[in-house]
Structure formats: C-alpha cells, structure tokens
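So the protein lines, in turn, are chains A and B. Start counting the first sequence at 1; every next residue gets the next number (my numbering). Start counting the second sequence at 1; every next residue gets the next number (my numbering). Okay, structure first, notes after.
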Amino acid sequence: MATKVQPMTGAPAANATTLSNEEILRYSRHLIMPEVGMEGQLKLKNSKVLLIGTGGLGAPLGLYLAAAGVGRLGLVDFDVVDLTNLQRQVTFGSSDVGKPKTEAARERLSSLNPDIQIDTFETKLTSDNALELFKDFDIIVDGTDNFPTRYLVNDACILLGKPNVYGSIFRFEGQVTVFGMPEGPCYRCLYPEPPPPGLVPSCAEGGVLGVLPGIVGSLQAMETIKLILGRGDSLAGRLLLFDALAMKFRELKLRKNPNCPMCGEHRTINKLIDYYEFCGVRGEEAPDSNVQVPEITPRELKSRLDRGDDLFILDVREPHEFQICNLNGNLIPLGELPRRVHELDSSREIVAHCRSGKRSAEAVDFLRKAGFRKILNLKGGILAWSDEVDPSVPKY
Amino acid sequence: MGVKVIIPTPLRVYAGKRDSTEVKAATVGEALGRLTTEFGDLRKHLFTEEGKLRSFVNVYVNDEDIRYLAKENTPTKDGDTISIVPSIAGGSSLVRRCCSRPHA
Ligand SMILES: [Zn+2]
Chain A
1 MATKVQPMTG APAANATTLS NEEILRYSRH LIMPEVGMEG QLKLKNSKVL
51 LIGTGGLGAP LGLYLAAAGV GRLGLVDFDV VDLTNLQRQV TFGSSDVGKP
101 KTEAARERLS SLNPDIQIDT FETKLTSDNA LELFKDFDII VDGTDNFPTR
151 YLVNDACILL GKPNVYGSIF RFEGQVTVFG MPEGPCYRCL YPEPPPPGLV
201 PSCAEGGVLG VLPGIVGSLQ AMETIKLILG RGDSLAGRLL LFDALAMKFR
251 ELKLRKNPNC PMCGEHRTIN KLIDYYEFCG VRGEEAPDSN VQVPEITPRE
301 LKSRLDRGDD LFILDVREPH EFQICNLNGN LIPLGELPRR VHELDSSREI
351 VAHCRSGKRS AEAVDFLRKA GFRKILNLKG GILAWSDEVD PSVPKY
Chain B
1 MGVKVIIPTP LRVYAGKRDS TEVKAATVGE ALGRLTTEFG DLRKHLFTEE
51 GKLRSFVNVY VNDEDIRYLA KENTPTKDGD TISIVPSIAG GSSLVRRCCS
101 RPHA
C-alpha cells in the first residue's frame with residue numbers, strides 16, 4: 001500500500017511569542033493560574049502533539065488538547081465513524097456516521113478552537129510511515145486499540161526519543177503512564193512480549209463502559225499538558241491503574257529494564273519491525289480463519305427451516321447477548337460447552353451460531369473432535385442472518 | 001488475615017468472577033499456586049506450559065514488580081497485596097475489532 005504521510009493541513013504554525021486579545025480572553029482561566037500563565041500558554045501554543053487513534057481515548061484527548069490551545073494537533077486514523085462508536089467517542093455526532101474519523105474530528109475540533117492547526121492523516125500507522133509521521137511532533141499520545149500498534153508506537157518513540165503518553169482500557173479498567181522519557185522505562189520494559197492471540201479476550205468478554213475511555217483519555221490529556229508545561233510530577237516510572245467498578249486508583253512502580261531490547265544499555269532493536277508477526281497476527285484474515293469447519297449460509301438455513309427440516313439450533317453466545325436478540329436457539333455459551341456436551345444429541349443435525357461465526361466455528365471444531373458428525377457452523381452468524389435473511393434481527 | 005491477591009478484569013472470568021481473593025502464602029509463587037489450585041482455568045493465563053510466569057503478565061507485591069525483587073520467591077507476609085497486571089490493548093473499538101480484522 002502506498003504510504004500517505006502528507007497531512008491535510010490547516011494554517012501553518014509559526015513560533016508564537018504573543019497571544020491575540022481574543023486568545024487572551026479564550027485562555028483567561030489558564031492565564032490567571034501561575035502554573036500556566038502567559039509563559040505556559042505560549043508553550044501550549046507552540047507545542048505539537050500527535051494523537052494515534054481518534055476513537056474512545058482520542059475523543060477526550062482531542063477535545064481537551066484543542067480546547068487548551070495546543071498549537072498543532074495531528075490526528076492519525078483510517079477508520080470511519082459508525083453507530084457503535086457514539087456510545088463513547090464523544091467527538092462525533094449522529095450526523096458524522098459514515099465520515100472518516102479524522103475528517104469528523106477535524107470539523108469538531110476546529111469549531112471548538114479555530115486558532116489551532118489540525119493535521120489529519122487518514123492512514124494506517126505502519127512501520128513504513130511511523131517515523132516520518134512522528135518526527136514533526138513533540139509528544140505522541142497512544143490511543144490505539146491493538147497490540148501491534150502499541151509496540152510500533154513504543155519503538156518509534158524510543159528510536160526518535162519522544163515521550164509516549166500511554167493509556168489503555170478494558171471493560172471497566174484502565175492503565176495510564178508515560179513512556180519514552182530520557183531516564184524512564186518504555187512499553188517493552190513493562191511488557192517484553194504481547195499475549196499470544198488465543199489468550200486475548202474474545203468478543204464475548206470484550207466491551208467497554210462508555211465513560212471509561214473518557215476518564216482514561218482525560219488523564220492522558222492531563223499528562224500531555226503537564227509535559228508541555230514542564231509542571232508537576234509526570235507518570236513516567238509509575239503505572240496508574242483505574243478500576244471504575246471499585247472506583248479505585250492504584251499506582252505501581254514501573255522500572256526501566258536495563259536489559260530492555262529497545263531502551264536498555266545494549267539496544268538490539270535498531271529499526272521498526274513487522275509488528276503483526278511479532279504479535280503473532282498474520283495478515284488481514286488470519287484471526288478468523290484458523291478453524292476450518294463445515295458451514296451453512298443464512299439463506300440455506302432459512303430454506304431448510306422453512307421446509308420443516310429437524311435442525312437443532314445451538315447458540316454459543318453469552319446469556320446477556322441472547323437477551324439482545326436470538327434465533328430461537330438453545331443457549332450453551334462456548335465456555336460451558338465442554339461440561340454441557342452431554343445435553344446435545346449427536347444423532348440430530350446441529351447448526352451452531354454466535355454473533356459473527358467465530359466462536360461457533362470453535363464450538364463446531366470442538367464438537368467434531370468430540371465425535372459429532374452432523375454439525376454445521378452458521379456462516380457469518382447473527383450479523384449475516386440479519387443482512388441476508390431477517391433485517392428485523394438487530395446487529396450489535 | 002492473609003495475602004490479598006487482586007485479580008484484573010480480563011482474568012476475572014477465569015476466577016469465578018472474583019475481583020480479589022485472600023490466600024495464606026509465604027512467597028509469591030506459593031500464593032499464585034494456591035490461586036491456580038482454587039481456579040484451575042487461570043493457570044494457562046498466568047503460566048506457560050513449562051510453568052513459567054507469562055511475559056505479558058506482571059506481578060507486583062504491594063507496588064513493586066517481582067521481576068526486580070526475588071521473582072516468584074519474593075516473600076509475602078500477612079497484609080501484603082499481590083497485583084496481577086496483564087497487558088491490555090484497548091482504546092477505541094474493542095468490541096468490533098476483536099472479531100474482525102486487526103488494524104494498525
Ligand atoms: Zn524499555
């Protein structure tokens with residue numbers, strides 16, 4: 001793929017030494033604080049921050065950094081706004097659905113603060129373009145959602161000597177810290193290796209409480225502004241853990257690993273690598289295609305049911321998903337299948353399904369190994385059923 | 001009173017949905033052994049097949065990383081807190097992404 005690093009750019013940022021009267025009024029609540037003042041506000045105006053990801057974490061980051069007067073904001077994302085984003089990605093409105101996220105974010109942020117320069121990069125962050133993209137910015141803020149990109153952002157920041165304001169979330173728990181400070185640790189010091197794909201929580205265990213990225217992204221925005229102002233104690237060397245259910249913040253010591261292959265005394269990684277390979281994720285389709293099982297399409301299933309064929313519909317999703325919508329199936333969550341397999345009649349024909357077809361493929365694979373022969377996977381799951389057979393079944 | 005072990009969100013599903021548990025243990029290794037005896041499903045998420053602690057799971061006694069103490073031989077006493085902290089990657093569209101393609 002061609003590397004596109006030319007930004008869609010706003011007004012060029014010069015090195016500002018003054019604020020206009022309108023800016024003085026806009027930033028007056030900063031200016032009257034001795035910790036910011038005119039000097040700090042000019043530092044903000046002359047700062048350049050690159051946000052990787054404009055989604056859940058990127059939303060409060062973009063809004064607060066733009067509002068605070070960060071002079072140049074870069075936004076990297078290749079995604080398009082969809083309806084499921086609006087539960088937490090508060091930069092976007094309903095009318096933005098279908099628009100590129102970078103474009104929708106630019107409109108929102110430049111209406112919030114027309115005095116700042118917003119550069120959008122509608123591209124995937126890759127090993128080929130990361131260094132080029134990062135080099136013009138002072139601080140990189142990692143708001144991505146996958147392991148390959150997290151290691152890529154870390155390594156590129158270390159190679160260029162730039163701070164990386166890190167935040168990540170899972171359901172109702174968040175982690176925040178600052179990597180890449182001269183004496184501080186990096187992401188690889190904390191986690192030398194990513195989890196193998198099979199041990200990453202599946203979609204049945206995923207999801208995120210909408211406010212959580214708002215809180216974690218706001219903490220990242222605060223750390224970014226402190227770095228720009230040179231004020232306070234940065235989170236570098238500390239890992240902040242936030243548990244929203246318990247409403248507890250905890251802090252752990254984060255040490256620089258002297259043997260770190262990236263930031264240690266003897267660096268062994270001197271250039272960006274293939275992060276998908278490093279994380280054990282190969283190619284675009286890899287995670288979905290590792291189990292090959294016999295399938296039935298939604299249309300075939302519909303016509304067989306209409307014909308009155310005796311089919312046992314096995315729904316391997318979780319009970320809370322069954323409540324959202326179902327195909328009148330018999331619910332046995334994938335995780336319970338091994339100990340509930342005796343509930344199934346191997347002489348009957350079984351069609352297993354889940355939301356997208358992935359978990360049910362695992363279920364079919366498991367049942368075939370357990371001796372079931374008449375078993376099929378509903379191709380594309382409920383999502384495909386809704387598209388191809390019954391649009392009244394909601395997609396989620 | 002024993003040693004409190006805090007179980008992180010991604011692993012609670014393998015620990016009877018508990019967010020913490022208390023064990024009697026003189027070392028971190030002993031505490032994790034008790035934990036994985038009680039919750040067998042946790043074992044493969046914490047340890048490799050060779051029984052080594054996985055590299056994407058960090059363990060802390062109070063606020064200190066056991067890699068910089070005595071690793072699994074790090075002593076524990078009543079009132080200590082052991083935190084298990086796995087790497088999490090989420091940031092935006094976790095639900096949709098994990099079931100579709102990876103992206104960078
Ligand atoms: Zn390091």
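Where is the CB? At the ideal position from N, CA and C, for every residue including glycine.
Contacts around Ala59(A), its chain only, beta-carbon distance under 6 Å, and the 5 residues preceding and following it disregarded: As a working note, residue 59(A) is residue 59 in the first sequence. These residues qualify, in order along the chain: Gln89, Val90 and Thr91.
8 Å contact criterion, which Lys162(A) and Ile140(A) should meet: CB distance rounded: Position 162 of the first sequence, counted from the start, is the residue given in the question as residue 162(A). Position 140 of the first sequence, counted from the start, is the residue given in the question as residue 140(A). So it is a contact: roughly 6 Å between Cβ atoms.
Partner residues on chain A for Asp63(B), Cβ-Cβ distance less than 7 Å: For the purposes of this step, residue 63(B) is taken as the residue at position 63 of the second sequence. Within chain A, the residues Glu251, Leu252 and Lys253 have their CB atoms less than 7 Å from the CB of Asp63(B), given in chain order.
Who are the neighbours of Ala246(A) on chain B, taking C-beta pairs under 8 Å? In the first sequence, counting from the first residue as 1, residue 246(A) sits at position 246. What Ala246(A) touches in chain B: Asp19.
Which residues in the same chain have their Cβ closer than 6 Å to the Cβ of Ser360(A), if we skip the five residues on either side of it in sequence? Counting from one through the first sequence, the residue named residue 360(A) turns up at place 360. So the qualifying residues of the chain are Val316, Ala352, His353, Cys354 and Asn377.
Below 9 Å between beta carbons: does that hold for Asp115(A) and Arg29(A)? Counting from 1 along the first sequence, the entry for residue 115(A) is found at position 115. Counting from 1 along the first sequence, the entry for residue 29(A) is found at position 29. Their beta carbons are not under 9 Å apart, which means Asp115(A) does not touch Arg29(A) by this criterion.
Segments assigned alpha helix (DSSP H), at least 4 residues, entirely inside the segment 104 to 143 of chain A: 130 to 134
Applying a beta-carbon distance threshold of less than 7 Å, which residues of chain A neighbour Phe56(B)? Counted from its first residue, the second sequence places residue 56(B) at position 56. The answer, in chain order, is Tyr191, Glu193, Pro194 and Pro195.
Are there 16 or more other CB atoms within 10 angstroms of the CB of Ala31(B), so buried, or fewer, so exposed? Locating residue 31(B) in the second sequence gives position 31, counting from the first residue. Around the CB of Ala31(B), 16 or more other CB atoms lie within 10 Å, so the residue is classed as buried.
Chain B residues whose Cβ lies nearer than 9 Å to that of Glu173(A): Working through the first sequence from its first residue, we reach residue 173(A) at position 173. Contact of Glu173(A) with chain B by beta-carbon distance below 9 Å involves Pro8, Thr9, Pro10 and Ile88.
Rounded to the nearest angstrom, what separates Glu173(A) and Val165(A) at their Cα positions? The count along the first sequence starts at 1 and reaches residue 173(A) at position 173. The count along the first sequence starts at 1 and reaches residue 165(A) at position 165. Computed Cα separation, rounded: 17 Å.
Using the Cβ count rule (16 or more neighbours within 10 Å means buried), how would you classify Ile32(A)? Position 32 of the first sequence, counting from 1, holds the residue named residue 32(A). By the neighbour-count rule (16 or more Cβ atoms within 10 Å), Ile32(A) is not buried but exposed.
With a threshold of 9 Å between beta-carbons, can Gly56(A) be considered close to chain B, or not? On the first sequence, residue 56(A) is found 56 positions in, with the first residue counted as 1. At least one chain B Cβ lies under 9 Å of Gly56(A).
Glu285(A) (DSSP reduced to helix, strand or coil): Numbered from its first residue, the first sequence carries residue 285(A) at position 285. At Glu285(A), the pLDDT of 37 sits below 50, so the modelled position is not reliable and the matter cannot be decided from this model.
Could you check what DSSP says for Ser234(A) in three-state terms: helix, strand or coil? For the purposes of this step, residue 234(A) is taken as the residue at position 234 of the first sequence. Coil at Ser234(A), not helix or strand.
Locate the beta strand (DSSP E) running through Gly74(A), then write down its first and last residues. The sequence position of residue 74(A) within the first sequence is 74, counting from 1. Its beta strand (DSSP E) spans residues Arg72 to Val76.
Do you know offhand how far Val36(A)'s Cα is from Leu229(A)'s? If you number the first sequence from 1, residue 36(A) lands on position 36. If you number the first sequence from 1, residue 229(A) lands on position 229. The straight-line gap from Cα to Cα measures roughly 7 Å.
Report the three-state DSSP secondary structure of Phe179(A) (helix, strand or coil). By 1-based counting over the first sequence, the position of residue 179(A) is 179. DSSP places Phe179(A) in strand when its eight states are reduced to three.
Can you tell me which of Leu51(A), Gly280(A), Arg373(A) and Arg231(A) puts its alpha carbon nearest to the alpha carbon of Ile118(A)? For the purposes of this step, residue 118(A) is identified with residue 118 of the first sequence, where counting begins at 1. Closest option to Ile118(A), Cα to Cα, is Leu51(A).
Gln175(A): buried (16+ other C-beta within 10 angstroms of its C-beta) or exposed? Position 175 of the first sequence, counted from the start, is the residue given in the question as residue 175(A). By the 10 Å Cβ count, Gln175(A) comes out buried.
Three CB pairs or more closer than 8 Å across the segment 364 to 384 of chain A and the segment 297 to 306 of chain A: yes
Between which two residues does the alpha helix (DSSP H) containing Leu397(A) stretch? Here chain A covers residues 1 to 396 and nothing more, so residue 397(A) does not appear.
Taking Cβ-Cβ distances shorter than 7 Å, what residues in chain B pair up with Arg150(A)? Here residue 150(A) corresponds to residue number 150 of the first sequence, with the count starting at 1. In chain order: Ala89.
Measuring straight from C-alpha to C-alpha, what distance separates Ala104(A) and Leu61(A)? Here residue 104(A) refers to the residue found at position 104 of the first sequence. Here residue 61(A) refers to the residue found at position 61 of the first sequence. Taking the straight line joining both Cα atoms gives about 15 Å.
Would Arg67(B) count as contacting chain A if we go by Cβ distances under 9 Å? Residue mapping note: residue 67(B) aligns to position 67 of the second sequence, counting from 1. Yes, Arg67(B) lies at the interface with chain A (some Cβ there is under 9 Å from its Cβ).
If we define contact as Cβ-Cβ less than 9 Å, is Ala2(A) a contact residue for chain B? In the first sequence, counting from the first residue as 1, residue 2(A) sits at position 2. Confidence at Ala2(A) is low in this model, with a pLDDT of 42, below 50, so the placement of that residue should be treated as unreliable; the coordinate-derived value is given next. Not one chain B Cβ lies under 9 Å of Ala2(A).
Just the Cα atoms here: how many angstroms apart are Val70(A) and Ala221(A)? On the first sequence, residue 70(A) is found 70 positions in, with the first residue counted as 1. On the first sequence, residue 221(A) is found 221 positions in, with the first residue counted as 1. Going from the Cα of Val70(A) to the Cα of Ala221(A) covers about 11 Å.
Helix, strand or coil at Tyr60(B) [DSSP, three-state]: Along the second sequence, read from residue 1 onward, the residue named residue 60(B) stands at position 60. Correct three-state label for Tyr60(B): strand.
Within 10 angstroms of the Cβ of Arg101(B), are there 16 or more other Cβ atoms? Answer buried if so, exposed if not. Start at 1 with the first residue of the second sequence, and residue 101(B) comes out as number 101. Note that Arg101(B) has pLDDT 33, beneath the 50 cutoff, so the model's placement of it is unreliable and the number below is only indicative. Arg101(B) is exposed by the Cβ-count criterion.
Should Phe170(A) be flagged as near chain B, meaning a C-beta pair shorter than 9 Å? Translated into positions along the first sequence, residue 170(A) becomes position 170. By this cut-off, Phe170(A) is an interface position.
Pull up the CB-CB distance for Val281(A) and Pro148(A), whole angstroms please, since I reckon it's below 8 Å. Looking up residue 281(A) in the first sequence gives position 281. Looking up residue 148(A) in the first sequence gives position 148. At roughly 6 Å, the Cβ-Cβ gap stays under 8 Å, so Val281(A) and Pro148(A) are in contact.
Going by beta carbon distance, what residues of the same chain come within less than 6 Å of Val76(A), once the five residues before and after it are set aside? Residue numbering aside, residue 76(A) sits at position 76 when the first sequence is read from its first letter. Ile52, Phe121 and Leu125.
Opening and closing residue of the alpha helix (DSSP H) in which Ser303(A) lies: In the first sequence, the residue the question calls residue 303(A) occupies position 303. Looking at the DSSP string, the run of the alpha helix (DSSP H) that includes Ser303(A) is Pro298 to Asp306.
Cβ neighbour criterion (16 or more within 10 Å) applied to Ala370(A): Against the first sequence, residue 370(A) aligns to sequence position 370. Its Cβ having fewer than 16 others within 10 Å, Ala370(A) is exposed.
Same chain, Cβ closer than 6 Å to Ala286(A), five either side skipped, listed in chain order: The residue labelled residue 286(A) in the question sits at position 286 within the first sequence. Because the pLDDT at Ala286(A) is just 40, under 50, the model does not fix this residue reliably, and the point stays unresolved.
Just verifying my parser: in three-state terms, what is the DSSP assignment at Tyr396(A)? Taking the first residue of the first sequence as position 1, residue 396(A) is located at position 396. It is coil, neither helix nor strand.
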